[in-house]
Amino acid sequence: MKLEHPELIPRDADGNIDYQAYIASSEYDFLRQNPHLKDNVCLIGLGGSRAYGTNLPDSDIDLRGIAVNSPDEIMGLTPDFENIVNTATDTTIYSLRKMVDLLTKCNPNTIEILGLEPEQYIYINDTGKEILKNKTAFLSRQAIQSFGGYADAQYNRLEHNLLRNGENDDRKLQMVKKSLEHAIKSLNIMNPKHIIDMKVSVLPHTDAAMSNVVISGTFNEVPIDSLKNMLSAINSIQRDYGNINKRNDKKDEFHLNKHMMHLIRLYLMGIDLNTTGSIITKRVNEHDLLMSIRNGEFTVGDGAHVRDEFFEMLHDIQEKYIYSVEHTVLPETYDKEAVYELVRKTNIRILLKYQDK
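Be aware that the sequence shown starts at 2, since it is given in our numbering, and climbs by one per residue.
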């Protein structure tokens, strides 16, 4: 929820937002009245910039949570509600079944709920504590594809927006080249058994047609799925950059800086996952760096251009991310036994409670 009047928000003696009192307001009555939520909610935590520790005083309050499934849903009599979204308060509560599915896929937007600081959880019961106790059971090398793919998409969006803001055609072709190189490298990391040896070049033509960017190389006995993924990535990049014809849809400085900050944060979180197997959502150690990016220290002029220092830092962090992928400590697959046991115990407890009524 947007804090239009931060001074009216309930706070504790230290001046921090009293989230318990905040969600007790009428705006959050849906948490107590929606039949899928009410007594079923087992965990609610901060989301967005307040979860990352990169918020401003008037930043939105985003909440994310989990609610256990009802007996009818567990028994298959009614469909899984999957999630409840309240746009007025920027709140999303996932069903346990849906959340487990997303967590085992290491979805970047949901896995961060497992890595909050203790004070960032607004509500948590015994079931919620069990989920957090087993948080590492959800992790696997699926995170490489999930985080890598999400970061690649964010990176391409950043360069796409810069081009729309007026970068020249030569810059456009170099960005296409770098995006293609990064995509091929990422795909090879995710499929180390079937390396696709490709080189991207920009031909020295006088015009700036997309056809000036060429790929050469060789590959042998590559599974069709891997080849399909590579061609899909190339097609996506070509389509995105090829559609950059208009320059009247500028991305304002505030949102560009915020986008740049989250791109760096995403890579840093991925590096932690790969090197230590830890989910660290609140970026305490990198707080000053991330805020400097958000506050515009790496953009120039009207925010339509980014300083070269940012791209130097970004490429350095990308290399560190790739190194962390190559030496990841994450297991091949998530701990199915632990996850199944967590869900089984939770569902049995719900059904027994229902039987006792």
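For every residue, glycine included, the Cβ atom is placed at its ideal position computed from N, Cα and C.
Owing to the predicted nature of the structure, the values given are computational and were not obtained by experimental measurement.
1) Counting C-beta neighbours from all protein chains within 10 Å, is the total for N70 16 or more, i.e. buried, or is it exposed?
2) Quick one: measure Cβ to Cβ for T347 and L97, integer angstroms, because I've assumed they're closer than 8 Å.
3) Comparing alpha-carbon positions, which option in F311, Q319, F148 and I45 lies nearest P119?
4) Using DSSP's beta-bridge definition, name the partner residues of A68.
5) Have a look at I281, T93 and Y156 and flag the residue whose alpha-carbon is nearest the alpha-carbon of L32.
6) Whose C-alpha, out of V177, D127, S237 and S50, is nearest the C-alpha of I67?
7) Give me, in chain order, the residues of the same chain whose beta-carbon lies closer than 7 Å to that of I294; leave out the 5 immediate sequence neighbours on both sides.
8) Where does the unbroken alpha helix (DSSP H) through K130 begin, and where does it stop?
9) Buried or exposed: where does D153 fall if 16 or more other Cβ atoms within 10 Å of its Cβ makes it buried?
10) Under 9 Å, do L64 and G54 count as touching if we go by C-beta distance?
11) S217 bridges to which residues according to DSSP?
12) For the beta strand (DSSP E) that contains I114, what are its first and last residues?
13) Let me check one thing: in DSSP terms, what residues is N87 bridge-paired to?
14) Is E320 buried or exposed, if buried means 16 or more other CB atoms sit within 10 Å of its CB?
15) For T347, which of helix, strand or coil comes out of DSSP?
16) Just tell me which of A144, K200 and H37 has its CA closest to the CA of S325.
17) Could you tell me which residues DSSP puts in a beta bridge with Y122?
18) CB E182 to CB V201, shorter than 9 Å?
19) Tell me which residue opens and which closes the alpha helix (DSSP H) that S325 is part of.
20) Give me the residue from E333, T88, D91 and H306 with the minimum Cα distance to N162.
21) Please report the distance separating the alpha-carbon of I125 from that of T277.
22) Might you give, ordered along the chain, the residues of its own chain that have their beta carbon closer than 6 Å to the beta carbon of I114, omitting 5 neighbours on each side?
23) How long is the line joining the alpha carbons of I245 and Q239, rounded to whole angstroms?
24) Pop quiz: N275 and T329 are said to be a contact at Cβ under 8 Å. What is the actual Cβ separation, rounded to whole angstroms?
Taking the coordinates as given:
1) buried
2) 7 Å
3) I45
4) V42 and S96
5) Looking only at I281, T93 and Y156, the smallest Cα-Cα distance to L32 is reached by T93.
6) D127
7) N258, M261, M262 and I265
8) D127 to K134
9) buried
10) no
11) Beta-bridge annotation (DSSP): S217 is paired with K200.
12) Where I114 is concerned, there is no enclosing beta strand (DSSP E), given that its DSSP letter is neither H nor E.
13) T92
14) exposed
15) helix
16) In this structure, A144 is the residue among A144, K200 and H37 with its C-alpha nearest to the C-alpha of S325.
17) G46
18) Against a cut-off of 9 Å, the Cβ pair of V201 and E182 comes out as a contact.
19) D309 to E327
20) Comparing Cα-Cα distances from N162 to each of E333, T88, D91 and H306, the minimum goes to H306.
21) Annotation: I125 to T277 spans about 26 Å, alpha carbon to alpha carbon.
22) Setting aside the 5 residues that flank it on each side, I114 is surrounded in the same chain by G46 and R65, each with a C-beta closer than 6 Å to its C-beta; the list follows chain order.
23) Residue confidence is low: I245 scores 49 on pLDDT, short of 50, so the model does not pin down where it sits. Its coordinate-derived value is still stated next. Cα-Cα distance, rounded: 10 Å.
24) 4 Å
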